[in-house]
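Input: a single structure, listed below in structure tokens.
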Amino acid sequence: LGSLLMLVALLFLYTKSGGSFDIATWHMLPLGGTVQTLLFFAFFAAFAVKVPMWPVHTWLPDVHVEAPTGGSAVLAAIMLKLGGYGFLRFSLPIAPDASHEWAWLMIALSLVAVIYVGLVSLVQRDMKKLVAYSSVVHMGFVTLGFFLFSDLGVSGGIVQMLSHGFVSGAMFLCIGVLYDRVHSREIASYGGVVNTMPKFAAFALLFSMANAGLPGTAGFVGEWMVILASVKSNFWIGAAAATTLIFAAAYTLWMFKRVYLGPVANKEVKELKDINSREYLVLALLAIAVLYMGIYPKPFTDVMNASVTDLLKHVAVSKLN
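With the first letter of the sequence shown counted as 1, position 71 gets the number 109 in the numbering used here; the numbers rise by one all the way through.
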């Protein structure tokens with residue numbers, strides 16, 4: 039349904055532009071307020087599901103549970119970003135007045151994702167479901183940053199998309215490593231993994247800390263930029279967004295403690311073999327990316343600064359004049 043509405047919007051823009059599919063041409067089209075609102079919600083129907091935003095996020099945990107490890111990693115690292123890209127590329131520049139008018143709704147839905155879905159993550163017993171719900175929380179920061187209409191907020195949202203690709207993808211790969219050996223995603227099936235897989239546990243610790251937003255890791259940078267932008271816009275929005283730092287630490291550390299720490303839980307865990315050279319290489323490359331982006335994010339932000347500034351200049355100009 040969301041894709042159908044987006045298709046209708048694209049066909050309308052094609053007709054309105056005289057038969058052009060050039061996105062830059064669409065950005066310059068003079069559109070009335072009602073038309074912008076209809077286009078905004080047509081795009082919203084598609085992109086909100088893709089991000090996914092609350093309350094159309096419920097498909098994501100189920101898909102991750104059924105998907106193989108590679109599928110989950112690709113879905114988390116790449117596919118979810120298409121929704122955020124759509125908001126930046128279509129919704130904001132094509133319907134700037136509607137974007138400003140309905141920013142309060144986008145911010146409200148983003149905060150619900152950050153707070154409510156964070157609480158939902160606390161009660162998960164399936165590792166994949168927990169990480170899937172945490173993805174909804176992290177992507178909530180993306181949409182929150184975009185609709186603050188500030189350089190810091192939009193840049194923070196883009197950085198969050200990049201960091202989430204590394205961190206969430208790595209988390210699903212770590213779950214896949216355990217599932218290949220034990221054939222269970224249930225947290226209760228594990229305990230004391232650090233005793234039998236110390237190298238793997240070290241990588242899992244790093245990625246868990248990044249998922250919780252520890253400073254010095256990729257998971258911290260984008261969230262902190264969006265929180266700062268939120269505080270500058272409205273203190274209470276920033277305060278609400280900052281609660282995710284508490285919830286993320288709670289559910290991520292709870293999962294890590296139950297799975298990796300403590301005595302060896304059962305025979306399956308006792309017989310585990312540490313990661314092989316192929317698994318080590320993949321996790322090491324992701325660890326380098328997570329640490330590099332967390333310690334020195336400047337190369338990433340420098341690349342996007344000019345584009346973000348141009349976008350916000352375009353969005354600031356009303357098409358109703």
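We put the CB at the ideal spot given by N, CA and C, even for glycine.
As assigned by DSSP and simplified to three states, the class of residue i
i    : result
E139 : helix
K357 : coil
I9   : Nothing about residue 9 can be read from this structure; the chain reaches only from 39 to 359.
A133 : coil
Y334 : coil
D60  : coil
L349 : helix
M117 : helix
E306 : helix
N233 : helix
N343 : helix
K270 : helix
V360 : This structure cannot speak to residue 360, because the chain is shown only from 39 to 359.
I313 : coil
P99  : helix
F241 : helix
L126 : helix
F185 : coil
A45  : It is worth fixing the name first, because residue 45 is Leu in this sequence and not Ala. Reduced to three states, the DSSP call for L45 is helix.
T290 : helix
L39  : coil
L149 : helix
S172 : helix
A280 : helix
T53  : helix
M66  : coil
L299 : coil
L252 : coil
A105 : coil
V192 : helix
V73  : helix
Spatially closest choice to residue i from the options, by CA coordinates
i    : options                : result
T72  : G40, I61, S137, A86    : S137
L39  : V94, G276, A170, V174  : V94
V220 : N314, A354, A151, L310 : L310
F285 : A239, T255, S172       : S172
M66  : A239, L51, T75         : L51
V307 : G260, E224, F258, A287 : E224
L69  : F82, F85, A47          : A47
A327 : L291, H202, T281       : H202
L319 : G57, L43, K237         : K237
S41  : F59, A80, G276         : A80
F125 : F82, A287, V103        : F82
V87  : S55, M44, K54          : M44
V355 : R163, D312, D135       : D135
A239 : P335, V150, M293       : M293
Q74  : K54, R316, L200, K295  : K54
L321 : S206, V346, A287       : S206
T234 : I313, A151, A146       : I313
M199 : W64, L76, A114         : A114
A287 : R316, L49, P253        : P253
S345 : F204, I265, F258, Y123 : Y123
K166 : S222, E139, F273       : S222
A146 : W274, L358, K357       : W274
L329 : R316, F258, W142       : F258
A226 : V161, L77, A277        : V161
L168 : G276, L291, E261, A141 : L291
V89  : F204, G260, A170       : A170
Identified DSSP bridge partners for residue i
i    : result
D164 : E224
Nearest-angstrom beta carbon gap, residue j and residue i [assumed within contact, 8 Å]
i    : j    : result
S193 : M263 : 6 Å
Y217 : V297 : That belief does not hold up - the Cβ atoms of Y217 and V297 are roughly 12 Å apart, past 8 Å.
S159 : Y289 : 4 Å
M144 : T181 : 6 Å
S268 : A279 : 5 Å
L324 : A208 : 4 Å
G178 : A256 : The Cβ separation is near 17 Å, so there is no contact.
T282 : V175 : 6 Å
D164 : V103 : 7 Å
W142 : F78  : Going by Cβ atoms, the distance from W142 to F78 rounds to 13 Å, so no, they are not a contact pair.
Any C-beta of chain B under 8 Å from that of residue i
i    : result
V232 : No chain B appears in the structure shown, which is made up of a single protein chain.
Three-pair Cβ contact test at 8 Å for the segment 141 to 157 versus the segment 100 to 112: no
Meets three-Cβ-pair contact criterion under 8 Å: the segment 210 to 223 and the segment 238 to 252: yes
Any 3 or more C-beta pairs closer than 8 Å across the segment 178 to 188 and the segment 127 to 146: yes
contact_flag[the segment 298 to 312, the segment 220 to 235] where n(CB pairs < 8 Å) is 3 or more: The segment 298 to 312 vs the segment 220 to 235: in contact.
Contact between the segment 192 to 206 and the segment 345 to 355 (3+ Cβ pairs under 8 Å): yes
Cβ contact check for the segment 117 to 124 and the segment 334 to 342: 3 or more pairs under 8 Å: no
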